Amino acid sequence: MNIIRQKEEEKTSRAATQEMSFLDHLEELRRTLVRMGAVTLVSMLACFFFTPTLMNFLRLPAQRVWIAHEQSHLPAQVDAQDWVDAKRYAQSRAVLPADAAAALEQRVPVNIRNLADAVVLLRAAELLPHNEREPFLQQASSSEELHSLCRSLQSNDADLQSEAEGQASSRIMGAFRPGEAFMLSVQLAFFGGVIVASPALLYLLLNFVMPGLLEKERRVVRRSLWWGIALFVLGCSFAYFAVLPRVLTFFYEYSLDMGISNDWRIGYYLTFAVKLILVFGIIFELPVVLIPLMKLGILTRGLMKRIRPYIFVGSFAVALVLAPAPDPGTMLLMALPLYLLYELCLLFAREAPRDDQSDSLSA
53 MNIIRQKEEE KTSRAATQEM SFLDHLEELR RTLVRMGAVT LVSMLACFFF TPTLMNFLRL
113 PAQRVWIAHE QSHLPAQVDA QDWVDAKRYA QSRAVLPADA AAALEQRVPV NIRNLADAVV
173 LLRAAELLPH NEREPFLQQA SSSEELHSLC RSLQSNDADL QSEAEGQASS RIMGAFRPGE
233 AFMLSVQLAF FGGVIVASPA LLYLLLNFVM PGLLEKERRV VRRSLWWGIA LFVLGCSFAY
293 FAVLPRVLTF FYEYSLDMGI SNDWRIGYYL TFAVKLILVF GIIFELPVVL IPLMKLGILT
353 RGLMKRIRPY IFVGSFAVAL VLAPAPDPGT MLLMALPLYL LYELCLLFAR EAPRDDQSDS
413 LSA
């Protein structure tokens with residue numbers, strides 16, 4: 053921090069001793085942009101080697117959505133992954149010769165075998181009229197425990213038809229064009245590189261702007277730099293852990309209610325997830341904009357208190373436009389943090405000049 057401040061002071065002193073021409077400013081801007089581009093390129097190349105990890109990280113919320121949906125349609129004692137394994141085992145057992153089926157059965161856990169027996173019976177029962185299904189299950193079940201399991205799965209409306217929907221959903225589709233996977237890696241590397249390089253990019257940008265600011269303004273901007281980075285990371289984390297799973301759940305359930313399967317395409321999903329995370333990262337930058345303006349006297353506490361009702365309504369208007377899902381819960385997850393950040397600006401900007409102080413200064 054001292055090194056950064058020392059370099060800023062040296063550059064400011066040089067700018068004070070000699071006034072730069074318009075072309076000199078353009079040349080300095082060109083150097084700054086070249087440095088920012090070089091930093092971004094290096095960061096992108098570093099992130100490119102970790103794109104499989106980044107892709108799995110972004111796909112994880114979708115996997116959890118499927119698990120939560122599948123688990124909600126199963127009895128409490130049945131695990132979602134066991135249910136998928138049981139359906140796959142029932143399918144494999146049906147086409148194997150008797151000796152191979154017996155050898156496979158010895159290597160499958162008992163709970164998976166019981167679930168597979170229930171799958172076979174419930175699928176067979178679906179071929180019968182509704183009034184004959186229960187008598188068939190009671191007659192065909194080898195034990196009362198199996199009959200009870202079948203009734204429990206039936207009452208929870210467990211998915212019987214898809215063999216391994218969980219595995220397909222957790223893979224989240226595939227690439228439909230030869231170079232799509234590579235272009236997705238480049239896209240993820242770009243967004244990851246920008247996020248990783250954001251502290252250095254902000255420093256280079258401020259290093260270009262600082263000589264034109266007063267000492268008081270430089271102190272405020274310098275503090276805001278670190279808060280801006282922290283709030284951006286906080287906003288992205290909030291979007292990833294709280295907002296994205298809820299949005300995906302809404303779209304997943306809505307598609308199923310419409311009778312549409314959720315065969316999401318990997319490119320569209322990753323673009324959607326990255327944009328959502330970046331939007332929340334930018335929204336959380338609100339204090340970095342407002343607090344410096346208050347400390348510099350451009351905005352006053354009295355004015356911000358008077359426009360509170362408009363900010364409250366405006367937060368919901370912004371959420372209505374930017375929220376990726378139209379359900380009220382998702383809009384609240386975007387509107388309330390935006391308004392609470394506005395309130396935090398008033399709470400922590402106690403050193404900002406009040407209306408009476410600004411009036412006396414202007415007089």
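First residue of the sequence shown: 53, per my numbering; consecutive thereafter.
Glycine included, each C-beta is placed from N, C-alpha and C at the ideal position.
Since this is a predicted model, take the numbers as computed values, not measurements.
Item	Value
Check whether the Cβ atoms of Q143 and A132 sit closer than 8 Å, and answer yes or no.	no
Answer yes or no: do I335 and G287 have a C-beta to C-beta separation smaller than 8 Å?	yes
Quick check: the Cα distance between H125 and W118, rounded to an integer number of angstroms?	11 Å
How is L174 classed by DSSP in three states: helix, strand or coil?	helix
Is it a yes or a no for the region 268-288 touching the region 243-256, going by three-plus beta-carbon pairs under 8 Å?	yes
Determine the burial state of R270: buried for a count of at least 16 other Cβ atoms within 10 Å of its Cβ, exposed for fewer.	buried
Rounded to a whole number of angstroms, what is the C-alpha to C-alpha distance between L180 and L112?	39 Å
For D137, which of A291, V160, R87 and E267 has the nearest alpha-carbon?	V160
Report the three-state DSSP secondary structure of E79 (helix, strand or coil).	helix
Of the residues L173, F302 and A154, which one's Cα is nearest the Cα of A120?	F302
How far does the alpha helix (DSSP H) with Y321 in it reach, from first residue to last?	I318 to I335
For A168 versus R145, is the C-beta spacing smaller than 8 Å?	yes
Is the separation between the beta-carbon of F188 and that of A177 shorter than 8 Å?	yes
Just the C-alpha distance for W279 and V340, rounded to the nearest angstrom, thanks.	7 Å
Check whether the region 368-385 and the region 291-299 touch, using three or more Cβ-Cβ pairs below 8 Å as the test.	yes
Please work out which residues of its chain come closer than 7 Å, Cβ to Cβ, to F100, disregarding the five sequence neighbours upstream and downstream, and give them in chain order.	S237 and A241
Within a Cβ cutoff of 7 Å, which residues of the same chain sit near E215, ignoring the five residues on either side of it in sequence?	Because E215 sits at a pLDDT of 49, beneath the cut-off of 50, its placement in the model cannot be relied upon, and the following sentence gives the value as read from the coordinates. Hits under 7 Å: K139, R140 and Q143.
Quick one: is P389 buried, meaning 16 or more other Cβ sit within 10 Å of its Cβ, or exposed?	buried
Quick one: grab the DSSP three-state call for F290.	helix
Please classify S237: does DSSP put it in a helix, a strand, or coil?	helix
Which residues bound the alpha helix (DSSP H) around M356?	R353 to R358
Could you check where the alpha helix (DSSP H) with N108 kicks off and where it finishes?	T103 to S124
Kindly indicate which three-state DSSP category R159 falls into: helix, strand or coil?	coil
Flag this pair as yes or no: are the beta carbons of H182 and Q190 separated by less than 8 Å?	no
Output the boundary residues of the alpha helix (DSSP H) element that contains S144.	A132 to V147
Y394: buried (16+ other C-beta within 10 angstroms of its C-beta) or exposed?	buried
For the region 102-110 and the region 317-337, state whether three or more C-beta atom pairs, one from each stretch, are separated by less than 8 Å.	yes
Quick check: the Cα distance between A233 and T103, rounded to an integer number of angstroms?	10 Å
Residues in the same chain with beta-carbon distance under 8 Å from L399, minus the five sequence neighbours each way, listed in chain order, please.	none
Going by C-alpha distance, which of A192, L254, A153 and N208 is nearest M88?	L254
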